[in-house]
Structures are given as C-alpha cells and as structure tokens.
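In my numbering, the protein residues as written are 7 to 759. All residues carry an ideal CB built from backbone N, CA and C; glycine is no exception. Data block below; observations after.
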Amino acid sequence: MDLEFGKSLDTSKNSWRTSLLLAYQSLGVVYGDLSTSPLYVYKSTFAEDIQHSETNEEIFGVLSFVFWTLTLVPLFKYVFVVLRADDNGEGGTFALYSLICRHARVSLLPNRQVADEALSTYKLEHHPEKKSSSGVKLYLEKHKVLHTALLILVLLGTCMVIGDGVLTPAISVFSAVSGLELSMSKEHHQYAVIPITCFILVCLFALQHYGTHRVGFFFAPIVLTWLLCISSLGIYNIIYWNPHVYQALSPYYMFKFLKKTRKGGWMSLGGILLCITGSEAMFADLGHFSYSAIQTAFTFLVYPALILAYMGQAAYLSQHHHTSYQISFYVSVPESVRWPVLIIAILASVVGSQAIISGTFSIINQSQSLSCFPRVKVIHTSDKIHGQIYIPEINWVLMILCIAVTIGFRDTKHMGNASGLAVMTVMLVTTCLTSLVIILCWHKPPIVALFFLLFFGSIELLYFSASLTKFTEGAWLPILLALFLMTIMFVWHYATIKKYEFDLHNKVSLEWLLALGPSLGIARVPVPVPFVPPAERYLVGRVGPAAHRSYRCIVRYGYRDVHQDVDSFESELVSKLADFIHYDWHRSQHSSHSEEDVSHSNESTSECRLAVIGTVAFSGTPAYEIEESVQPASVSIGFSTVESVTDVIEMEPVHAVERRVRFAIDDDSESDVRTNMELQLREELQDLLAAQEAGTAFILGHSHVRAKQGSSVFKRLAINFGYNFLRRNCRGPDVALKVPPVSLLEVGMVYVV
Numbered sequence: 007m008d009l010e011f012g013k014s015l016d017t018s019k020n021s022w023r024t025s026l027l028l029a030y031q032s033l034g035v036v037y038g039d040l041s042t043s044p045l046y047v048y049k050s051t052f053a054e055d056i057q058h059s060e061t062n063e064e065i066f067g068v069l070s071f072v073f074w075t076l077t078l079v080p081l082f083k084y085v086f087v088v089l090r091a092d093d094n095g096e097g098g099t100f101a102l103y104s105l106i107c108r109h110a111r112v113s114l115l116p117n118r119q120v121a122d123e124a125l126s127t128y129k130l131e132h133h134p135e136k137k138s139s140s141g142v143k144l145y146l147e148k149h150k151v152l153h154t155a156l157l158i159l160v161l162l163g164t165c166m167v168i169g170d171g172v173l174t175p176a177i178s179v180f181s182a183v184s185g186l187e188l189s190m191s192k193e194h195h196q197y198a199v200i201p202i203t204c205f206i207l208v209c210l211f212a213l214q215h216y217g218t219h220r221v222g223f224f225f226a227p228i229v230l231t232w233l234l235c236i237s238s239l240g241i242y243n244i245i246y247w248n249p250h251v252y253q254a255l256s257p258y259y260m261f262k263f264l265k266k267t268r269k270g271g272w273m274s275l276g277g278i279l280l281c282i283t284g285s286e287a288m289f290a291d292l293g294h295f296s297y298s299a300i301q302t303a304f305t306f307l308v309y310p311a312l313i314l315a316y317m318g319q320a321a322y323l324s325q326h327h328h329t330s331y332q333i334s335f336y337v338s339v340p341e342s343v344r345w346p347v348l349i350i351a352i353l354a355s356v357v358g359s360q361a362i363i364s365g366t367f368s369i370i371n372q373s374q375s376l377s378c379f380p381r382v383k384v385i386h387t388s389d390k391i392h393g394q395i396y397i398p399e400i401n402w403v404l405m406i407l408c409i410a411v412t413i414g415f416r417d418t419k420h421m422g423n424a425s426g427l428a429v430m431t432v433m434l435v436t437t438c439l440t441s442l443v444i445i446l447c448w449h450k451p452p453i454v455a456l457f458f459l460l461f462f463g464s465i466e467l468l469y470f471s472a473s474l475t476k477f478t479e480g481a482w483l484p485i486l487l488a489l490f491l492m493t494i495m496f497v498w499h500y501a502t503i504k505k506y507e508f509d510l511h512n513k514v515s516l517e518w519l520l521a522l523g524p525s526l527g528i529a530r531v532p533v534p535v536p537f538v539p540p541a542e543r544y545l546v547g548r549v550g551p552a553a554h555r556s557y558r559c560i561v562r563y564g565y566r567d568v569h570q571d572v573d574s575f576e577s578e579l580v581s582k583l584a585d586f587i588h589y590d591w592h593r594s595q596h597s598s599h600s601e602e603d604v605s606h607s608n609e610s611t612s613e614c615r616l617a618v619i620g621t622v623a624f625s626g627t628p629a630y631e632i633e634e635s636v637q638p639a640s641v642s643i644g645f646s647t648v649e650s651v652t653d654v655i656e657m658e659p660v661h662a663v664e665r666r667v668r669f670a671i672d673d674d675s676e677s678d679v680r681t682n683m684e685l686q687l688r689e690e691l692q693d694l695l696a697a698q699e700a701g702t703a704f705i706l707g708h709s710h711v712r713a714k715q716g717s718s719v720f721k722r723l724a725i726n727f728g729y730n731f732l733r734r735n736c737r738g739p740d741v742a743l744k745v746p747p748v749s750l751l752e753v754g755m756v757y758v759v
C-alpha cells in the first residue's frame, strides 16, 4: 500500500476523491486491530464474572455498554477531538509531547534550539507574544518535577504501546483460529489451536524484513471484506433472531445490568473495553493519511459495521441460552459460511497484527531519535514509502514474547485482561496530554480542558479500575513489561542528559577548538518537530576567520525523519560546505564596498552566524560541480541565522566521509577572476578539494560514564551498571554511522556525573 500517496497529494487532500481513496487505504493500516475485536469481546466478557441468563439482562447490558463505549471513545474523543491535536499532520504520544514542548518549556530533552523556531514545521497555533501566558503554563514551566512527571507519563504510554505490540498479535490470531473448535472434537481442538497460532505468528514475524509495502496492497481489501462480512452477518442475525435488539442500545440497560450483576458486572468491564482496542491507531497513523480520510472511514464504514456485528451477536445469543459451546463469535455464524468466515477472520487478524507490529517499530525508532532508547539497527524496507522500517532485534523479541504469551495463557480470557489494561493505559495518557494541548496549544479556557479530562478520564478510569482487578489473571503482564521498558528508557535518557550537562560545564575554549583546524566535525541534532524539510536541514557557519578553513555544521532531524546512509549524507554534506563557501563570499561581495572590507566582513560576521543551506536556486554560476551524477544543491536566499553559535545545542559528533566528491574549478572563467574576493573564493574551494582528496579521519568518543562520589545508591546502580551495560550491548556510534574501521580513531572519555 503506497502510504506516501497521501503525502504527495497535500494540495488535493480536501477533495472528496482523494479523501475517499485515502479512507479506503486507511482500512488496512489503521483499522485492522479495531475491526477484529468482535472475535473476542463477548467471549472475554462472559468468561467468568457474569453468566448469560434467560432474562437477557446481561447480554443486552453488555451490548449497551459496547455501543456507548464505541460512540464516546473512538467516535467523539478520537475522531472529533484528539485527531485535531496533530503535530504537522503526525499523531501519537510523541506528537502530543512534541506539541506541548514547543508551546511551553517543559522538555527535558536537550534538543531545543533558537534556530529551530525558524523552521517551517515549527508552527505555533498563536504567536507567543500575542497571547498572554496562562497560569497552567507558568506553573508547569516553574516546577521541574512536573517536567519529569510529564516525561514519565509519555514513556508510560509509549511502553504500553510496545506491550500492546506483544499482546495484540497473540489475542487476534488466537481468537481467529479458535473458530476451529466448532469443526473438531474438544480433544483435537486443544492440541490444534496453539500450534496453528504459533505457526502463523512465526510466519508473520519472519516476513517482517520484506516490509509491509510488499503485501500491503492486499491489506485494505481484506479488512473491507471482513467489515462487510461481519456487518452482513449482523444484519442477518438481527432480522432472523431478534429484530427488537436495537432497544438494548438505550443507556437504561447499562444501569439495569450493573444493578443486577453488581461487582461481577463491574469486573466484566475488563472484557467490554476490548471493543475499543486499536482506537489509538487512528491517531498514531494520522501521518500516513489525512484527518478527513480517517474520519470518513470510521464514521461511515467501520463504526456502523462494528455496531451491526455486536448487535447481531447479541440478537443470536438472546435466543440461545444453553449452547453446547462457550459463547464466542463463531456460534452466531451460520454453518454454511463458517469456513469462509474463518479464513477471512484469520487474514484480518494477521492484518491487524501487522499494523501494531509496524507501529511498535515506528515508536521505538522515535524513542531512539529522542535519546530515550538504546541504539538498535533500523532498516528502511522501502525507498518510496516513508516510515516503513524493520528493527531485527525488536522483531525477534516480539515474536518470542508473542509465542510465550500464547503458550503461557492458552485462552482468550487472560490475553484479553492483559491487552485491556495496556490499551486503557495508553488512552488515559492520551487524554491527559490532550488536556494540556487544549490549554497550552489551542489556548482554550482551563474549564474546557478540565471538562474533557473529567468526562473521558472518568470513563477510562472506570474501565482501568476493572482491568486492575484482573492483575493475577493476566493483567500483570503489561505492567511488568512497562516497568522493564520504562527502566531501560529512563536510565538511558537520564544518562544522556547527564552526559550533555557534563559536556556543557566542561566545554573547551574557542582558542583550543581553533587549534584543531578542520577536525571540528559536525553534529546531528534531533529537534522537537516530526520532520525537517531538506531545504532547512543544514546549518553551516565558520569557526574563526576564513583563513582557518574551520566550519561548524549542524544537521537537524525531526523525530520521524529518516536518517541518510553515510554515502548520500557525506556527498550532501560536502556539497553543502561548498555551497556555504560560495554563499559566504557572495554575501561578502555585496556587503562590502571596498577590497579591504572583505576580510573584515568574513572575520566579524561569518564567524558568529549559521546559515541555512537549502535547495533554492542561487543567483550566479556555481564555482563547482559534483561528480557521480550527484545533483549540486544550491543556497537558499533569505537565510535564517543564529546570532550566536552558543544558541545551538550539540548532541552526537559525526565525522562521516567515505565517498569522494570532486569540485572542478572552471578554467574558462579564470580570465574573469579579477577581484581579490574571487581569488580567495577559488582558493578556499581548492583547499576543500585538496582536503577531500587527502582523506578523512573519524574521531569518535569511546565514553564511560561513572556516578560521582556521594551519589545515591539508585543513581550508582542506574549509571554504573544499568547505563554502561546497555551501552556495551547496543550498537555503537561507529556501527550506527557505518564508519570505516581503518579510518576510525576512538578517544577514551570518562564522564563523572
């Protein structure tokens, strides 16, 4: 499925034709998990806490809860509110956090720069000078403990999404395969379902390295067929078994249900909440589609199909109180179409599982980009579709955990309890962050945010409390996974911050840096936006006068940007340096009126400015050309500048040069070179060519972090053992950047933090 199609047609997204096409494509990516929930909702709900009786009060009450939960949470909360809280079209937990951090200084991540505010993607809903700061914003910015609490909240939501990546494939595939119980004896069934489920899961994870775009074309038709299938079955069961089942949609049946079942009914909410699993995908995958497309697909197709499916199951069960089989989706399927429905269900569950696996890869990559996760190998499986990535280590860990969950739990009840807690935690985190967005970003009155938080938060807390009661029956698993992942992420992030602070307090003088000459290198810096346009990615400036031939280069990446491979990055970097040299001397020519002013201009102005080297055509003939069919990028006019180099934060130094890029000086124009400025421009370009041909040494720090004396036991454990263990066992910067070993020089560094 070509997800980039939605990004390449930004100008026509508002057209109905484009929205309908994107809505169709979103079915296979966004709604796979949500659409397969009818397979296990009723089965999980009636597993133990309540019983299906002759009065039908239980089944009608559950149907009423399902209807209103689907209406209030996915439809009202996500479609009409949360989807509007996008970050330049991107959604998800990190998008909300990024949006909040741009409107209030609450970020602990060392990635905020003055120059970033000039980015076209660094947009604010209202200019900060035109809006008075709210009391909530001032209170948040004043107390640093709230910054830490906010980050922990974001990491909690992130970890629960990763945990859902373990549970969703297991429960979806297991529930679909469980339909075999109606076609074979109980003895054969218990020995067949587990192996078949494990086999499908192994195949699913083994095919991940091919990328979802290889089979993505089939995803939308499968989900569309499944939705039409369950809605048709629902209509059939309603007409044939109980045409008056629609009366159970009244909220009265919810109160009647709770009045009769009391504690058991409250505990059964842990099964009912599974009807909204996958709702978070509407927001998380917003970047691949448009708001109108996701809204159209859910409102006019997914939502009605799910409601009809649940009503049809309830209509069938209202007339069957003593079935020989346990309550499940397949008992309401006519026997004549049971096998085709089983096959479609298995395919739909695979699609739903694929979506959450891809989402797990994406969120881990975002965490890694924001220094919240150790470095892992990221493979981009498609050159055309943005965001299609594969992480081998994470893939095999997920597969092992999925198989372990399937074999360990062996039933839908325990899997549902675990999945329900993970899903509801993510939704609670989203509700809290959206409430802050309403105040800080949309500048609505705090009472509006409080109403949103109390209304939806109370619904989700009700379900969350019911899930917690299932702690010993499976709900312990997502909590354990979240604690483990949060420990890793927080320790890694904490040590990264401390290393940054150590560098800040022990930075060397400018004179010492100038003595290093051209070995100053570059810095790749993640910024608090999802994407940085290529024309705004490079900030280049001089360190010292032009005669030193020393440059400072900052390469800015958004938290969802794809990092270039070392070959293309090296070629582009050298071309940007040549562009900057040409631009700097060109600017000097226009800013000076005499030959004497040229030297003064370069030493005073260029030394303290960073120019944005872009891709807009530069007026004038370039003084260089690049071999190997690499198109020369040129310098954008109207450069954004940073008045002081100290305004820019450095993160990870990189010195990646592998491929030769040659600059050919135009001999035909030699006779036209008369001025001193043109001679110096040619001389600097020749020096760049000579330095490139001489080769490059890659200097990387081999760091060891140690807690200082007097630190607490927790800090010593986190730094001396936790962080250093992770650092030794994850990918090093030389491997991640593909630095040639023959050219690598590692410098031992000890950080005492």
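Considering only the beta carbon of each residue, do residue i and residue j sit closer than 7 angstroms?
{"i": "F211", "j": "N371", "result": "no"}
{"i": "G422", "j": "L280", "result": "yes"}
{"i": "V357", "j": "G34", "result": "yes"}
{"i": "L144", "j": "F335", "result": "no"}
{"i": "E399", "j": "M430", "result": "no"}
{"i": "Q253", "j": "Y396", "result": "no"}
{"i": "I56", "j": "T387", "result": "no"}
{"i": "Y565", "j": "L446", "result": "no"}
{"i": "Q319", "j": "W247", "result": "no"}
{"i": "I363", "j": "G171", "result": "yes"}
{"i": "V546", "j": "I619", "result": "yes"}
{"i": "T412", "j": "C209", "result": "no"}
{"i": "I228", "j": "L307", "result": "no"}
{"i": "I28", "j": "A290", "result": "Note that residue 28 corresponds to Leu in the displayed sequence, not to Ile. No, the Cβ-Cβ distance between L28 and A290 is not below 7 angstroms."}
{"i": "I106", "j": "L442", "result": "yes"}
{"i": "M260", "j": "S70", "result": "yes"}
{"i": "P257", "j": "C408", "result": "no"}
{"i": "G426", "j": "S473", "result": "yes"}
Using a Cβ-Cβ cut-off of 6 angstroms (strictly less than) and excluding sequence neighbours within five positions of residue i, which residues of its own chain qualify?
{"i": "G754", "result": "H708"}
{"i": "Y103", "result": "V160"}
{"i": "T611", "result": "Summary for T611: the model assigns pLDDT 41, below 50, so the residue's position carries little reliability; its value from the coordinates is reported in the next sentence. Cβ neighbours of T611 beyond the five flanking positions: none."}
{"i": "T99", "result": "V160, G163 and T164"}
{"i": "A101", "result": "D93"}
{"i": "S355", "result": "T42, S178, V179 and A182"}
{"i": "H133", "result": "For H133, the pLDDT reaches just 49, beneath the cut-off of 50, and the residue's location in the model is therefore unreliable, although a value from the coordinates is still provided. Result list for H133: empty, nothing under 6 angstroms."}
{"i": "L26", "result": "none"}
Which residues in the same chain have their Cβ closer than 8 angstroms to the Cβ of residue i, if we skip the five residues on either side of it in sequence?
{"i": "P80", "result": "L40, I282, S285, M288, F304 and Y309"}
{"i": "W22", "result": "none"}
{"i": "Y297", "result": "L89, R90 and D92"}
{"i": "T437", "result": "K83, F458, L459, F462, G463 and E466"}
{"i": "H710", "result": "N730, G754, M755, V756 and Y757"}
{"i": "R344", "result": "G185, L188, S189 and Y336"}
{"i": "S59", "result": "H327"}
{"i": "K721", "result": "A713"}
Between residue i and the rest of its own chain, which residues show a CB-CB distance below 7 angstroms, the 5 nearest in sequence each way excluded?
{"i": "F508", "result": "Y757 and V759"}
{"i": "Y500", "result": "A724"}
{"i": "G95", "result": "L292 and G293"}
{"i": "Y30", "result": "A226"}
Let me check one thing: in DSSP terms, what residues is residue i bridge-paired to?
{"i": "I705", "result": "L751"}
{"i": "I385", "result": "Y396"}
{"i": "W356", "result": "As written in the sequence, residue 356 is Val, which differs from the Trp given in the question. None, per the DSSP bridge assignment."}
{"i": "V756", "result": "H710"}
Query raised in the report: If you pair each beta-carbon of the stretch 410 to 427 with each one of the stretch 63 to 78, do three or more pairs fall below 8 angstroms?
Result: Between the stretch 410 to 427 and the stretch 63 to 78, the count of Cβ pairs shorter than 8 angstroms is below three; the stretches do not touch.
Query raised in the report: Is the stretch 227 to 237 touching the stretch 309 to 320 in the sense that three or more CB pairs, one from each, lie closer than 8 angstroms?
Result: The stretch 309 to 320 is in contact with the stretch 227 to 237.
**Report entry** At least three beta-carbon pairs within less than 8 angstroms, the stretch 491 to 505 to the stretch 726 to 734
**Finding:** In this structure the stretch 491 to 505 lies against the stretch 726 to 734, because at least three pairs of beta carbons, one per stretch, are closer than 8 angstroms.
Report task. Decide if the stretch 52 to 67 is in contact with the stretch 335 to 353; the criterion is three or more beta carbon pairs, one per stretch, under 8 angstroms apart. Result -> Cβ pair count under 8 angstroms is below three, so no.
Query - Length-filtered (4 minimum) alpha helix (DSSP H) runs lying within the stretch 18 to 70 - result: Fully enclosed alpha helix (DSSP H) runs of 4 or longer: 22 to 36, 38 to 41 and 47 to 51.
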